[in-house]
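J.:
4 protein chains.
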Amino acid sequence: MQHNLDNSAVRDLYAAAGFAGRVGWGERPAVLVIDMANAWADPDEMLGSDLSGVMDSILEVLASARRAELPIFFTTMAYDPELVEIGHVVQAKTPHSRLMIRGSDRVALLPELERQPHEPLIEKPRASAFYGTNLLATLISERVDTVIVVGCSTSGCIRSTCESAFNTNLRAIVPREAVGDRSPTAHASGLFDIDARFADVVDLTDVISHLDTLTARA
Amino acid sequence: MQHNLDNSAVRDLYAAAGFAGRVGWGERPAVLVIDMANAWADPDEMLGSDLSGVMDSILEVLASARRAELPIFFTTMAYDPELVEIGHVVQAKTPHSRLMIRGSDRVALLPELERQPHEPLIEKPRASAFYGTNLLATLISERVDTVIVVGCSTSGCIRSTCESAFNTNLRAIVPREAVGDRSPTAHASGLFDIDARFADVVDLTDVISHLDTLTARA
Amino acid sequence: MQHNLDNSAVRDLYAAAGFAGRVGWGERPAVLVIDMANAWADPDEMLGSDLSGVMDSILEVLASARRAELPIFFTTMAYDPELVEIGHVVQAKTPHSRLMIRGSDRVALLPELERQPHEPLIEKPRASAFYGTNLLATLISERVDTVIVVGCSTSGCIRSTCESAFNTNLRAIVPREAVGDRSPTAHASGLFDIDARFADVVDLTDVISHLDTLTARA
Amino acid sequence: MQHNLDNSAVRDLYAAAGFAGRVGWGERPAVLVIDMANAWADPDEMLGSDLSGVMDSILEVLASARRAELPIFFTTMAYDPELVEIGHVVQAKTPHSRLMIRGSDRVALLPELERQPHEPLIEKPRASAFYGTNLLATLISERVDTVIVVGCSTSGCIRSTCESAFNTNLRAIVPREAVGDRSPTAHASGLFDIDARFADVVDLTDVISHLDTLTARA
Chain U
1 MQHNLDNSAV RDLYAAAGFA GRVGWGERPA VLVIDMANAW ADPDEMLGSD
51 LSGVMDSILE VLASARRAEL PIFFTTMAYD PELVEIGHVV QAKTPHSRLM
101 IRGSDRVALL PELERQPHEP LIEKPRASAF YGTNLLATLI SERVDTVIVV
151 GCSTSGCIRS TCESAFNTNL RAIVPREAVG DRSPTAHASG LFDIDARFAD
201 VVDLTDVISH LDTLTARA
Chain H
1 MQHNLDNSAV RDLYAAAGFA GRVGWGERPA VLVIDMANAW ADPDEMLGSD
51 LSGVMDSILE VLASARRAEL PIFFTTMAYD PELVEIGHVV QAKTPHSRLM
101 IRGSDRVALL PELERQPHEP LIEKPRASAF YGTNLLATLI SERVDTVIVV
151 GCSTSGCIRS TCESAFNTNL RAIVPREAVG DRSPTAHASG LFDIDARFAD
201 VVDLTDVISH LDTLTARA
Chain A
1 MQHNLDNSAV RDLYAAAGFA GRVGWGERPA VLVIDMANAW ADPDEMLGSD
51 LSGVMDSILE VLASARRAEL PIFFTTMAYD PELVEIGHVV QAKTPHSRLM
101 IRGSDRVALL PELERQPHEP LIEKPRASAF YGTNLLATLI SERVDTVIVV
151 GCSTSGCIRS TCESAFNTNL RAIVPREAVG DRSPTAHASG LFDIDARFAD
201 VVDLTDVISH LDTLTARA
Chain L
1 MQHNLDNSAV RDLYAAAGFA GRVGWGERPA VLVIDMANAW ADPDEMLGSD
51 LSGVMDSILE VLASARRAEL PIFFTTMAYD PELVEIGHVV QAKTPHSRLM
101 IRGSDRVALL PELERQPHEP LIEKPRASAF YGTNLLATLI SERVDTVIVV
151 GCSTSGCIRS TCESAFNTNL RAIVPREAVG DRSPTAHASG LFDIDARFAD
201 VVDLTDVISH LDTLTARA
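Chains as they are written, first to last, in the working numbering: chain U, 1 to 218; chain H, 1 to 218; chain A, 1 to 218; chain L, 1 to 218.
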């Protein structure tokens, strides 16, 4: 009873049902770096796990994207200290949300990302980077038609962000080495589902190559 | 490498990470019947599978909900015959969407649901019943604070609809026997994920008992 | 105490306050034809007025847009016959909404528009063509960055649609002769406000010239 | 050529067209205080005007609402210092938006509002308090069905916020003395339009009386 990318029977079932086509690259990509803050990247945190390998891959994507002068956006989660902004249902189902206080170290981006002033940091209230934020309008302004989604967690915020991109006909590309999850099972399930329904899951090298082509063209 | 409700190690990991709390019942439930049309319920269809057991459970939920005089909403998917409304990304990733032509038999609700005139049929363009529709405003008008989500597919439209409900602080309740999926693996994974992140997955009898209490009170 | 395009004192006040800049043309326009159905265009209807001059201007825009092979979308309003989909607040504030029954003659597009099969007809539940519909995702799919907004009513659905376009950083252009309103006062006020806040209000001839340039280029 | 609340001919035209019904009070109100920051309330600012009378009325509403223990939300506008989050269209049409830098004095709430820690401050990117924010989900969580909208500007952010509330079937109530606008003409036009289309415009004393009833009941 498995559900992952190595399970060819499930893959065939999905292809026969009209899933898992390719969205491919558009003309104008942006990078979305999801939730690379202490709350997720510190293994001692409630939601945390060791994401050091993922971080190395993200840094490769960022270096290439900055050379190609692409728009880059970072997200974290943040609520008011009194937790009014979360809401009762979200608090009840996901008690970890109570830890995400605006301005705390826990939700601060990891410094090795070296976020630049023109790369906005978006405080999102839910899993998807698009829900309750102004991200979509900013992407439209920049004529972005493709989002490279990296960060964590594969089965949570990465999946939800890819679904929102898909819903609005933005092409989403997920370099598999640049997303992580506290559970290896959830990571594999998540990648399978994302590739079947919402985004192209590809090798990191394919993303870097494509971005380098854009740099060369510019 | 499993990811399902019987896997206690994964359950413990999620609970320790602050997932899988209980949302519980609110004061005013509604029923959302997702995509119980031929395209999904006819095993000969590209997306189809045998949902006869699921249908029996849905009919039980509907009978109880109608006795309690709760709002009930049905969904199907439907696009224009020229497929302009789908969009290129959605067509490319999920080619089955090209089959969902407005007005065709394929997207017609199954007659045994006996939809009543005051139970709206919503044509949704994406997996979530809330995306690109007027559903949320109608639920707010009816003072609904809880949605009972039934139909198909567990890992697709059921999951997405539960995520949207959660995002807006609506309590979502999923009676496990009343949702189905073409893949048993995806069904189990989907139920686990839904219960961990978005909604309470419960036994059908619990839902029926609760609705009968509401009827008795009225 | 006037509030219209001819009132230079008010114009100066707005310009000094940082309003009424120009958005200009983008690379890829689409046409949104708002609510040109009997409910609005038949003077005997509750909401109706004589829009024959407006219709002539719309037909000019459509002819040019079709020559340039631009995406074209039509809207109307439509609710279920039991009016559940409207909601109590919308019904209470705007009782005319109770007349907009899906499938009725009242909400059918005027035949002289000669809508083509690849030009979708969108049933919108509110004033803005973007609220509760899938329009934005379809525009993104078509790489549209500019919407030419025509139809009625200037102070209602035209204004709201322009605000939604502005919110998402789509350029909105309103050819003044191609929008109408039952009240001349509301028409003038509406055009002033739209031009100050959301969209460029321009002469019909400017729109036709621009579309003809696109045709010549193609 | 006037368009205001004293113009009975226009009022009659709107009533005959099925506008301007009453939404009335629901069971659970909240207060939305819109943009009472220096950028709008300091007459020396580009967007500013003298709002001291409006502020007195707002303080009355706040005092009553706090006695009744109602949810209260404040908004301001705020963008990143590099202005990436605004977008090209919004910058072009409304150049004043370039002044609204997150964390600056200009967008700080006026201290006499005495915002309490459990009264969230929402940074909104557009005129409506609901666009690109998490406000709706928070209101749903609190079972709010009525929003009392105060602040500025009547013809801009107040109108847009009322339209969003109406769209989602929330009852919106505007105490006329507690909203202001830099232009008296736009204020009068705005109140007329809001009352015709989206919200009940009422006297301040009516709002205070209603809130005092809620306090007495509690």
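In this text, a Cβ means the ideal position worked out from N, Cα and C, and glycines have one as well.
1. Could you please give me the residues that DSSP links to D200/A through a beta bridge?
2. On the premise that V84/L lies in contact with I58/L, defined as a C-beta separation below 8 Å, what is that separation, rounded to the nearest angstrom?
3. Take the Cβ of A241/L as the centre, count every other Cβ of all protein chains shown within 10 Å, and call the residue buried at 16 or more, exposed below.
4. Taking buried to mean at least 16 other C-beta atoms within 10 Å of its own C-beta, is A199/H buried or exposed?
5. Can you name the residues of chain A whose CB is closer than 7 Å to the CB of F166/L?
6. Since F198/A meets chain L, which of its residues come closer than 8 Å, beta carbon to beta carbon?
7. In whole angstroms, what separates the C-alpha of L135/H from that of V90/L?
8. Near V202/H, what residues of its chain come up, given a Cβ to Cβ distance below 8 Å and the 5 sequence neighbours on each side ignored?
9. Suppose you measure from the CA of R102/A to the CA of D105/U; what does that come to, to the nearest Å?
10. Could you spell out where the alpha helix (DSSP H) holding I140/L opens and where it closes?
11. Assign L32/L to one of three DSSP states: helix, strand, or coil.
12. Any heavy atom of the ligand MN closer than 6 Å to the Cβ of R67/H?
13. If L109/U and A37/U are in contact, beta carbons under 8 Å, what's the gap, nearest whole angstrom?
14. By DSSP, does E123/U sit in helix, in strand, or in coil?
15. Residues of the stretch 149-180 of chain U in Cβ contact with chain A at a cutoff of 8 Å, in chain order, please.
16. Can you pull the DSSP bridge partners for F73/U?
17. Less than 7 Å between CB atoms is the rule here; does S141/L satisfy it with respect to chain U?
18. Please list the residues of the stretch 16-42 of chain H that have a C-beta atom closer than 8 Å to any C-beta atom in chain U, keeping them in chain order.
19. Run the CB neighbour count on P71/A, radius 10 Å, all protein chains shown included, and call it buried at 16 or more, exposed below.
20. Using 8 Å as the cut-off, can you tell me whether the stretch 147-157 of chain U makes contact with the stretch 123-137 of chain U, which would need three or more C-beta pairs spanning the two stretches below that distance?
21. Looking at the C-beta of R126/U, does it have a partner C-beta in chain H at a distance below 7 Å?
22. So, under 8 Å CB-CB, V107/H and T76/H are touching, yes? Tell me the CB distance rounded to an integer number of Å.
23. Cβ closer than 7 Å: which chain L residues qualify as neighbours of L136/H?
24. Give the residues from the stretch 42-56 of chain L that approach chain A closer than 7 Å (Cβ to any Cβ), ordered along the chain.
25. Bridge partners of G180/U, per DSSP?
26. Can you find a CB in chain A that lies within less than 7 Å of the CB of N190/H?
27. Is the distance from the Cβ of L47/L to the Cβ of H96/L below 7 Å?
28. Is there a C-beta anywhere in chain A that falls below 7 Å from the one on D80/H?
29. Does the Cβ of P125/U have 16 or more other Cβ atoms within 10 Å, making it buried, or fewer, making it exposed?
30. Let me see if you follow: with CB-CB separation under 7 Å, is H118/H close to chain A or not?
31. Beta carbon of N169/H, beta carbon of S8/L: below 7 Å?
32. Buried or exposed for P111/H, please, with buried defined as at least 16 other CB atoms from any protein chain shown within 10 angstroms of its CB.
33. Establish whether the CB of G132/L and some CB of chain U are separated by less than 7 Å.
34. Less than 7 Å between CB atoms is the rule here; does E85/U satisfy it with respect to chain L?
35. Applying a beta-carbon distance threshold of less than 8 Å, which residues of chain H neighbour D145/L?
36. Under the assumption that A65/A contacts V31/A (Cβ atoms under 8 Å), give the Cβ distance between them as a whole number of angstroms.
T.: Walking through what the data contain:
1. Counted from its first residue, the third sequence places residue 200/A at position 200. Answer is I173/A, bridged to D200/A.
2. Position 58 of the fourth sequence, counting from 1, holds the residue named residue 58/L. Position 84 of the fourth sequence, counting from 1, holds the residue named residue 84/L. Not confirmed; about 33 Å, so no contact.
3. This structure cannot settle anything about residue 241/L, because the visible part of chain L is limited to 1 through 218.
4. Within the second sequence, the letter at position 199 stands for residue 199/H. Buried, because 16 or more other Cβ atoms sit within 10 Å of the Cβ of A199/H.
5. The sequence position of residue 166/L within the fourth sequence is 166, counting from 1. Correct list: V89, V90, K93.
6. The residue labelled residue 198/A in the question sits at position 198 within the third sequence. Within chain L, the residues near F198/A are K93.
7. One-based indexing of the second sequence puts residue 135/H at position 135. One-based indexing of the fourth sequence puts residue 90/L at position 90. The straight-line gap from Cα to Cα measures roughly 29 Å.
8. Counting from one through the second sequence, the residue named residue 202/H turns up at place 202. Counting only Cβ-Cβ distances below 8 Å, and skipping sequence neighbours, we find I173, V174, P175, R176.
9. Translated into the one-based positions of the third sequence, residue 102/A becomes position 102. Translated into the one-based positions of the first sequence, residue 105/U becomes position 105. Each residue's Cα considered, the two are about 53 Å apart.
10. On the fourth sequence, residue 140/L is found 140 positions in, with the first residue counted as 1. Looking at the DSSP string, the run of the alpha helix (DSSP H) that includes I140/L is 135-141.
11. For this step, residue 32/L is matched to residue 32 along the fourth sequence. Strand.
12. Here there are no bound small molecules, and the ligand MN is not part of this structure.
13. Within the first sequence, residue 109/U is the residue found at index 109, counting from 1. Within the first sequence, residue 37/U is the residue found at index 37, counting from 1. That belief holds up - the Cβ atoms of L109/U and A37/U are roughly 5 Å apart, short of 8 Å.
14. Against the first sequence, residue 123/U aligns to sequence position 123. It is a strand residue.
15. N167, T168, N169, L170
16. Here residue 73/U refers to the residue found at position 73 when the first sequence is read from its first residue. F73/U is bridged to L32/U.
17. One-based indexing of the fourth sequence puts residue 141/L at position 141. It does; some Cβ of chain U falls within 7 Å.
18. A16, A17, G18, F19, A20, G21, R22, V23, G24
19. Residue 71/A sits at position 71 when you count from the first residue of the third sequence. Classification for P71/A: buried.
20. yes
21. In the first sequence, counting from the first residue as 1, residue 126/U sits at position 126. It does; some Cβ of chain H falls within 7 Å.
22. As a working note, residue 107/H is residue 107 in the second sequence. As a working note, residue 76/H is residue 76 in the second sequence. 5 Å between Cβ atoms; contact.
23. Along the second sequence, one-based indexing puts residue 136/H at 136. Going along chain L in sequence order, the residues near L136/H (Cβ under 7 Å) are T168.
24. M46, L47
25. On the first sequence, residue 180/U is found 180 positions in, with the first residue counted as 1. Per DSSP, C152/U.
26. Position 190 of the second sequence, counting from 1, holds the residue named residue 190/H. The sequence shown places Gly at residue 190/H, rather than the Asn named in the question. No, G190/H lies away from the interface with chain A (no Cβ there is under 7 Å from its Cβ).
27. Along the fourth sequence, read from residue 1 onward, the residue named residue 47/L stands at position 47. Along the fourth sequence, read from residue 1 onward, the residue named residue 96/L stands at position 96. Yes, the pair counts as a contact, with Cβ atoms nearer than the cut-off.
28. Mapped onto the second sequence, residue 80/H falls at position 80. Chain A contact via Cβ: present.
29. As a position in the first sequence, residue 125/U is number 125, starting the count at 1. It is buried - the Cβ of P125/U has at least 16 other Cβ atoms within 10 Å.
30. Residue 118/H sits at position 118 when you count from the first residue of the second sequence. Yes, its Cβ sits closer than 7 Å to a Cβ of chain A.
31. As a first step, residue 169/H must be located in the second sequence, where it is residue number 169. As a first step, residue 8/L must be located in the fourth sequence, where it is residue number 8. No, they are not a contact pair.
32. As a working note, residue 111/H is residue 111 in the second sequence. Exposed, because fewer than 16 other Cβ atoms sit within 10 Å of the Cβ of P111/H.
33. Taking the fourth sequence and counting its residues from 1, the one referred to as residue 132/L is at position 132. By this cut-off, G132/L is an interface position.
34. By one-based count along the first sequence, residue 85/U stands at place 85. Closer than 7 Å: yes.
35. Locating residue 145/L in the fourth sequence gives position 145, counting from the first residue. Under the 8 Å cutoff, chain H gives I140, R143.
36. Numbered from its first residue, the third sequence carries residue 65/A at position 65. Numbered from its first residue, the third sequence carries residue 31/A at position 31. Between V31/A and A65/A the Cβ distance is about 5 Å, and since that is below 8 Å, they are a contact.
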